[in-house]
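Engineer: I'd like to ask some things about the structure below.
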Amino acid sequence: MEGVCKETIKADSILSVLDSKINWLEMVSPTNNHKRWVDFKKNNFKKVMPLSYKKINVDLDGISSELDSLDFSKIKNPIIASLLHEKKEELDLFVDLIKYRGTDGFLTTSIHLFGGTQPTLLNLAHDILKKVPVENNKEEMASVLEFVDFAQNVRETYKKENCSFDFEINLEEDLNSSLMVNQGNLYISRDMHVPRNRIPSLVAHEVEVHVLTSFNGSMQPLRLLKTGLANYDTLQEGLATFSEYLSGNLSGERLRVLAARVIASELAIKGESIEHIFANLMEEYNIDQVESFDIAVRAKRGGGLTKDAVYLEGLRQVHAYSKTEDDLTSLFIGKFSLNQRHMLEKLVSDKVLISPMLTPHFLKQKQGIKLLQEARTRDLSELFHKGS
Numbered sequence: 045m046e047g048v049c050k051e052t053i054k055a056d057s058i059l060s061v062l063d064s065k066i067n068w069l070e071m072v073s074p075t076n077n078h079k080r081w082v083d084f085k086k087n088n089f090k091k092v093m094p095l096s097y098k099k100i101n102v103d104l105d106g107i108s109s110e111l112d113s114l115d116f117s118k119i120k121n122p123i124i125a126s127l128l129h130e131k132k133e134e135l136d137l138f139v140d141l142i143k144y145r146g147t148d149g150f151l152t153t154s155i156h157l158f159g160g161t162q163p164t165l166l167n168l169a170h171d172i173l174k175k176v177p178v179e180n181n182k183e184e185m186a187s188v189l190e191f192v193d194f195a196q197n198v199r200e201t202y203k204k205e206n207c208s209f210d211f212e213i214n215l216e217e218d219l220n221s222s223l224m225v226n227q228g229n230l231y232i233s234r235d236m237h238v239p240r241n242r243i244p245s246l247v248a249h250e251v252e253v254h255v256l257t258s259f260n261g262s263m264q265p266l267r268l269l270k271t272g273l274a275n276y277d278t279l280q281e282g283l284a285t286f287s288e289y290l291s292g293n294l295s296g297e298r299l300r301v302l303a304a305r306v307i308a309s310e311l312a313i314k315g316e317s318i319e320h321i322f323a324n325l326m327e328e329y330n331i332d333q334v335e336s337f338d339i340a341v342r343a344k345r346g347g348g349l350t351k352d353a354v355y356l357e358g359l360r361q362v363h364a365y366s367k368t369e370d371d372l373t374s375l376f377i378g379k380f381s382l383n384q385r386h387m388l389e390k391l392v393s394d395k396v397l398i399s400p401m402l403t404p405h406f407l408k409q410k411q412g413i414k415l416l417q418e419a420r421t422r423d424l425s426e427l428f429h430k431g432s
C-alpha cells in the first residue's frame, strides 16, 4: 500500500514483536486468587494473603536495548513515524512497570501509562453509585460450556462473512479473570459462572470488539493496529462496555462495578490496603462480597494498577463520541486511542490504511440501532438495562 516504506515495515514489526514479548498484564496479575479469597473469608475478612506473581521470565534489559536502538528518522510518513514513536515510549514504560512490580515505583509508572482518577471521573463514579439502584435479581446461571458454544456460533457467523476470520477459544485454570482476549484469542476461566441472559453481551464485549478489532488490525499494513497502538486500552474497554448496552444487556450492577473500580483505583493511589478497599466498597457502596474482593485485588496488583479506571473513562468517551458522530464503524479499524482517530482517518483517506474488514453485528441489527439512538439521549448514569 502507498506510504508504507521498508523502514516503516521493519520498525512496526520490531515494536509488535517486543509488545508481544513484554506481556505485562500476565507479569502483574496475582496467582492463586481463589485460595486467597477462601483464606480471607475463613479469617472473617481480617487479613489477605500477600499477593504472589509469576516469575519474571522476560529479558527486560534486552527489550530496552532493542527499543533504544530503534530509529524512526527514515520513515517517510510523518503520521506513522509519530505513532510508532509514541508506541516505543509506551513500551519503555511497560518494561518499567514490570521492573517496579511490588515497589513504590510501580504506581507512578501505572499513572504515566493509564492516568489516575481525575475529579470529573470520580464525580461520575460517585454519581453512578448513588443513582443506579442495587438489584438482587436471582438470575439463571449458565455453564462455561454454554458460553463456549455461543462464542463458537458467533465465530462461525463472522467466518461466513470473511473466511480469514478465526480465533482460538481456550479454557484456562487460575486465569485471574473470568474472560480475556490476548493476541486475538479468547481465554475463559474454567470455573466461570455467568447469568444466561448475559452471554450475548459478554460475547459482544470480548469477541465483537476485542477479537474483531484485533482481526481488522491484522488486515492493516501496520501490525500495531492488531496488537494495539499507544494508549489503546481506554477506547477498547469503552467500546466493549458500550457494546454490552447495544447488544441489550448492560446491567445496572455492571455499571456500578465499573464505577466501583474507579473508587478502588483512587483508594489504591492513596495507599489503602486490599482489606480497606474491600470493606469500603461493601459498606459505603453496597458492592457484593466477591465482587468487592476482586475489585480490591485488581486495584492493588503490582503495587497499584490504575488500569481499571479506564473502563468507565472509556465508556464516557465512547458515549460522548456517539452523541456527535453518526457512524461508529471507523472505531473498529484496529486497536488505537480515540485521540489518534484523526491521524488514522487521514491514513485511510491517503490509502495507507483500509476501512474495517468486519463490523460488529450489533451496529447493524434493529435492536442495536434503536439502543444507540436511546443512548444518545441519556446521561451515562442512565446507561443500563433495568432488570438485567
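If you're matching positions, the sequence shown starts at 45 in my numbering and goes up one per residue.
Glycine included, C-beta positions come from ideal geometry on N, C-alpha and C.
Can at least three beta-carbon pairs, one atom from the stretch 261-275 and one from the stretch 333-350, be found at a separation below 8 Å?
Structural biologist: Short answer: they don't touch.
Engineer: For the beta strand (DSSP E) containing Asn229, list its first residue and its last residue.
Structural biologist: Its beta strand (DSSP E) spans residues Asn229 to Ser233.
Engineer: Measure the alpha-carbon distance for Thr368 versus His170 and round it to whole angstroms.
Structural biologist: About 25 Å.
Engineer: Output needed for Ser309: all residues of its chain with C-beta closer than 6 Å, excluding positions within five of it in sequence on either side, in chain order.
Structural biologist: Hits under 6 Å: Thr161, Ala343, Thr350, Asp352 and Ala353.
Engineer: Work out the CA separation of Ile53 and Met45 for me, nearest whole Å.
Structural biologist: Because Met45 sits at a pLDDT of 47, beneath the cut-off of 50, its placement in the model cannot be relied upon, and the following sentence gives the value as read from the coordinates. The alpha-carbon atoms of Met45 and Ile53 are separated by roughly 11 Å.
Engineer: Could you pull out every residue in the same chain whose Cβ sits closer than 7 Å to the Cβ of Ser425, ignoring the five residues on either side in sequence?
Structural biologist: So the qualifying residues of the chain are Asp171, Ile172, Lys175 and Val176.
Engineer: Spatial neighbours of Leu266 within its chain, please: C-beta separation below 6 Å, excluding the five flanking residues on both sides.
Structural biologist: Once the five neighbours on either side are set aside, the close Cβ partners of Leu266 are Asp56.
Engineer: Residues in its own chain within less than 7 Å of Thr75 by CB, not counting five upstream and five downstream?
Structural biologist: For Thr75, where only same-chain residues beyond five positions count, the Cβ hits under 7 Å are Ser96, Tyr97, Lys98 and Asp218.
Engineer: Secondary structure at Met326, three-state DSSP: helix, strand or coil?
Structural biologist: It is helical.
Engineer: Between Val301 and Glu335, which are expected to be in contact by the criterion C-beta below 8 Å, what is the C-beta distance as a whole number of angstroms?
Structural biologist: That belief holds up - the Cβ atoms of Val301 and Glu335 are roughly 6 Å apart, short of 8 Å.
Engineer: Using the C-alpha atoms, what's the distance from Gly159 back to Met387?
Structural biologist: For Met387 and Gly159, the distance between alpha carbons rounds to 22 Å.
Engineer: To the nearest whole angstrom, what separates the beta carbons of Glu327 and Val92, a pair I think is in contact under 8 Å?
Structural biologist: Wrong, their Cβ atoms sit about 17 Å apart, outside the cutoff.
Engineer: May I have a chain-ordered list of the alpha helix (DSSP H) segments no shorter than 4 residues that lie completely inside the stretch 117-178?
Structural biologist: Within the stretch 117-178, the complete alpha helix (DSSP H) runs of at least 4 residues are 122-143, 149-158 and 163-175.
Engineer: Report the three-state DSSP secondary structure of Ala284 (helix, strand or coil).
Structural biologist: Three-state DSSP puts Ala284 in a helix.
Engineer: How many Å lie between Leu382 and Ser366 at the Cα?
Structural biologist: Roughly 12 Å separates the two Cα atoms.
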